[in-house]
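In our numbering, each residue carries its 1-based index in the first sequence increased by 425.
The beta carbon of each residue, even a glycine, is placed where N, CA and C say it ideally should be.
To start, the structure itself, in structure tokens.
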Amino acid sequence: MDADALLLDLNPEQREAVLAGDGPMLVLAGAGSGKTRVVTRRLARLVREGADPRRIVAVTFTNKAAEEMRERVAALVGRRLPSFVGTFHSWGLRFLRRAGGAEGRTANFSIADTADQIALVRESMEELGLSEQTFTPGAVHARISDAKSAARSAERFAAEEGDFAGTRIAGVFARYEKKLRAANAFDFDDLIAVPVRTLRGSDALRDRERAGIEHLLVDEYQDTNAAQDALIKLLGEKARSLCAVGDEDQSIYAWRGARVEHILRFEEDFPGARIVALTRNYRSTATILEAAAAVVSHNRRRRPKSLVSEAGAGQAVEVRAFRDDRVEAEWVISEIRRAERPLSEFAVLFRVNAQSRSFEDELMRQGVSYVVIGGMKFYERAEVKDAIAYYRLALDPADDLAFRRVVNVPARGIGGVTLDRLAAAARERGVSLFEASVDAAGITERARIALDRFRAIVAAGRAKAEELGPASLLEFVLEASGYRALYAASEEREDVARRENLIELVSAAREYERREGEAATVRGFLDAVSLATDADAPRPSGAVTLMTLHSAKGLEFPDVYVAGLEEGFLPHVQSAGSEDEIEEERRLLYVGMTRARRRLTLTLARQRMLYGETRPRQESRFAAELPPSVARIEDASRPPTLFSRGEDEEDGFRWERTERSRLPPRRPAPVTVARRRAAVPGALAGFSRGARVRHPTYGSGVVLQQEGSGEEARLTVFFDRAGKKKFVAKFANLTPG
DNA sequence: CTGCTTCACCTTTTT
DNA sequence: GGTGAAGCAG
426 MDADALLLDL NPEQREAVLA GDGPMLVLAG AGSGKTRVVT RRLARLVREG ADPRRIVAVT
486 FTNKAAEEMR ERVAALVGRR LPSFVGTFHS WGLRFLRRAG GAEGRTANFS IADTADQIAL
546 VRESMEELGL SEQTFTPGAV HARISDAKSA ARSAERFAAE EGDFAGTRIA GVFARYEKKL
606 RAANAFDFDD LIAVPVRTLR GSDALRDRER AGIEHLLVDE YQDTNAAQDA LIKLLGEKAR
666 SLCAVGDEDQ SIYAWRGARV EHILRFEEDF PGARIVALTR NYRSTATILE AAAAVVSHNR
726 RRRPKSLVSE AGAGQAVEVR AFRDDRVEAE WVISEIRRAE RPLSEFAVLF RVNAQSRSFE
786 DELMRQGVSY VVIGGMKFYE RAEVKDAIAY YRLALDPADD LAFRRVVNVP ARGIGGVTLD
846 RLAAAARERG VSLFEASVDA AGITERARIA LDRFRAIVAA GRAKAEELGP ASLLEFVLEA
906 SGYRALYAAS EEREDVARRE NLIELVSAAR EYERREGEAA TVRGFLDAVS LATDADAPRP
966 SGAVTLMTLH SAKGLEFPDV YVAGLEEGFL PHVQSAGSED EIEEERRLLY VGMTRARRRL
1026 TLTLARQRML YGETRPRQES RFAAELPPSV ARIEDASRPP TLFSRGEDEE DGFRWERTER
1086 SRLPPRRPAP VTVARRRAAV PGALAGFSRG ARVRHPTYGS GVVLQQEGSG EEARLTVFFD
1146 RAGKKKFVAK FANLTPG
């Protein structure tokens, strides 16, 4: 593709964004407006026109977005790939490792995950005698995380928060920071906040870093928190070009510290900035866009704008009310079956994960394959974290977080009392728990012997860390620690699942080695794991997708159902407190609606099972913001219990009576439930019957059938050479073949 | 120190 | 309804 070809299939606005020269630019990229195309073409154009790829940096929010961007740019420029295309957090991680650590950490620092963070907060609270009745560790952690998201240090927090709660939280904050430092660890927020502080604190470092970045590109700018915004300003202010891409209507992470203001104030922050608006939508029909726009236009904190559909009028958007959540689910799934289109064209979106249950029940009952995005995450499972903890200790015995996690797993007779004494000794002498365990006073003979044995295990792992690769090291620590034996004997469901998860983790390490080749390191695998999420897995074909509205951002489906258009969900009960929160909930609905290409249906239940009891539900206030073109249909299969008809007719809405969907369940139907596989850092896939697959040992084959449900779903695969084999779908380690 | 039972809670979750 | 944490017995 030559330079002109890069522009050939672009509209004038897209072209402008791709061609814009030096200086700051904000690309307002409405839903479905071809944002990724613009971004990748722009990067390719810079490289083609002679910019040094080593001085081009592109930052995204998700691994998945980064991966997609990298692939698409690579397709255009080959090996002249920009030096960094990755997430904010991976940029920060790389920066801190290159800097050889910071703020008291060595280059070998580890990353504390969410559970580690909460544990440290809890400990700090205990030490300060703060009752968990007054503040839960989770709530205190949230306050600390908020502060860090704004790059506020513990000291600044203490100086600024003077009220009762503030002073107490400040105390915990300070202690928490000390513990993190003692553990040679950073938390997720530090990966942004610490680079910001470091760059602010050193002119030399800042100049050096800036010199390495000629062109900077930031995706999803509306989701930046204050720390990320500060980072972009530090790095981008002097850059030759800074390109920020975003859409304030799709800002749905304010509760995690994201601020719409960053994108709304871009022109003030970067005077003379060029603004390019991509207003042509290539995804949704005009009818869908009109409905979505009508809702979001009620927001005040936005730039007034409109998207124009390039996809024709299409069919009417529908709002359908049902007697209860069961009927809602039954209708949606029947409707999906009735359409007789590939299941992967359908998505059911909801506000809270708990809503997935009624849909899952119904999908299983009707024998329809589905995937649930989200839920219990692979890397949050206890056995996976335990295994990783042993791995971490092999890399750094001073990793107190890992030490605490597994010092007594499997049980070695080292309990809370011993650990408290160790912690006290460690604090006093300013050493790690591992170090303190060598000769801590006041420890029982029994515990001392157990600790000696534990240290021997860690030492052995440490010795091996030098010579073994990521996968072999993992295998070694699992054996040496006796951790694998812990679950080896039992045939209980849970234990079998644990064993399989451990196998899957080792496969993840192998996959990492394969992908990185020469560049694969023990540390590198751990970093990849620390930043990996389940969102990295691709969607399987042949299955209906179920997920939250949040998870749906960035995706699109021909046919979308947004379920639970009710007060309490949209807006969520706990997010209806302020106008800002309501606006975010409205954007959430907007994001959900704009996922649909051809057909959009919003559903609600008049009553639903919630927290174990049946509750009456009211239609969402947002329903009244939909335009008259939206068809409103009351499901007449059973008499509505809580519905006042007269009022609604005056709204000018059109009401129709419909037959309740009564498709007979497809029997005998194979219940083909495709569950998500663990998000190994790297590519993954789900499989359905007939799919060609490849197994590392057995070679290529074809999926004969899936059976069972949920986590236990099993795949039968017929291999060309090895014949028929059965796997647990989630752990089969298959790749598309 | 461990394992069991009872009790309170309940969003969203890119990293 | 289902989970995680605290409290208590062995």
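Comparing C-alpha distances from residue 447 to each of 907, 698, 858 shows the shortest one belongs to 698.
Collapsing the DSSP output to three states places residue 734 in a strand.
The C-beta distance from residue 449 to residue 695 rounds to 4 Å, short enough to meet the 8 Å contact threshold. Judged by DSSP secondary structure, residue 783 falls within the alpha helix (DSSP H) whose first and last residues are 781 to 790.
Relative to the Cα of residue 732, the nearest Cα in the group 853, 744, 716 belongs to 716.
For residue 983, the enclosing beta strand (DSSP E) begins and ends at 982 to 988.
Look at the stretch 921 to 973 and you find these whole runs of beta strand (DSSP E), each 3 residues long or longer: 969 to 973. Measuring C-alpha to C-alpha distances from residue 534 to each of 778, 619, 685 identifies 619 as the nearest.
The three-state secondary structure of residue 833, taken from DSSP, is coil. Residue 1043 is classed as exposed because its beta carbon has fewer than 16 other beta carbons within 10 Å across all chains shown. In this structure, the CA atom of residue 907 is about 21 Å from the CA atom of residue 858. With respect to residue 436, residue 705 sits close: the two C-beta atoms are nearer than 7 Å. Counting C-beta pairs with one atom in each stretch, the stretch 924 to 936 and the stretch 801 to 820 have three or more that are closer than 8 Å, which means they touch. When DSSP states are grouped into helix, strand and coil, residue 700 belongs to the strand group.
With a 10 Å radius around the Cβ and a threshold of 16 neighbouring Cβ atoms, residue 1024 comes out buried. In the three-state reduction of the DSSP assignment, residue 530 falls in the coil class. Judged by beta-carbon spacing, residue 576 lies beyond the 7 Å limit of residue 586, meaning their Cβ atoms are not closer than that value.
For residue 483, the enclosing beta strand (DSSP E) stretches over residues 481 to 485. For residue 795, the enclosing beta strand (DSSP E) starts and ends at 795 to 797. In this structure residue 748 touches residue 1031 by the C-beta definition: roughly 6 Å separates them, less than 8 Å.
Residue 614 is not a Cβ neighbour of residue 537, given a cutoff of 7 Å. In this structure the stretch 648 to 667 lies against the stretch 675 to 683, because at least three pairs of beta carbons, one per stretch, are closer than 8 Å. Counting of Cβ neighbours within 10 angstroms places residue 588 among the exposed residues, the total staying below 16. If you check the CB distance, residue 787 and residue 761 do not come in under 7 Å. Secondary structure at residue 641: strand, using DSSP grouped into helix, strand and coil.
Here residue 601 is buried: its Cβ has 16 or more other Cβ atoms, across all protein chains shown, within 10 Å.
Looking at the backbone, the Cα of residue 458 and that of residue 439 are separated by about 9 Å.
In the DSSP assignment, the residues bridged to residue 1034 are 1039. The C-beta separation of residue 771 from residue 969 comes to about 5 Å, placing the pair in contact by the 8 Å criterion. A residue is called buried when at least 16 other Cβ atoms come within 10 angstroms of its Cβ; residue 877 does not meet this threshold and is exposed. Residue 535 sits in a strand when the DSSP states are folded into three classes. Beyond the five residues adjoining it in sequence on each side, residue 1050 comes within less than 7 Å, by CB distance, of 719, 720, 723 in the same chain, given in chain order. In this structure, the CA atom of residue 653 is about 8 Å from the CA atom of residue 574. One Cα belongs to residue 851, the other to residue 973, and the distance between them is close to 44 Å. With fewer than 16 neighbouring CB atoms inside 10 Å of its own CB, residue 767 falls in the exposed class. From the listed residues 947, 603, 996, the smallest Cα separation to residue 888 is found for 947.
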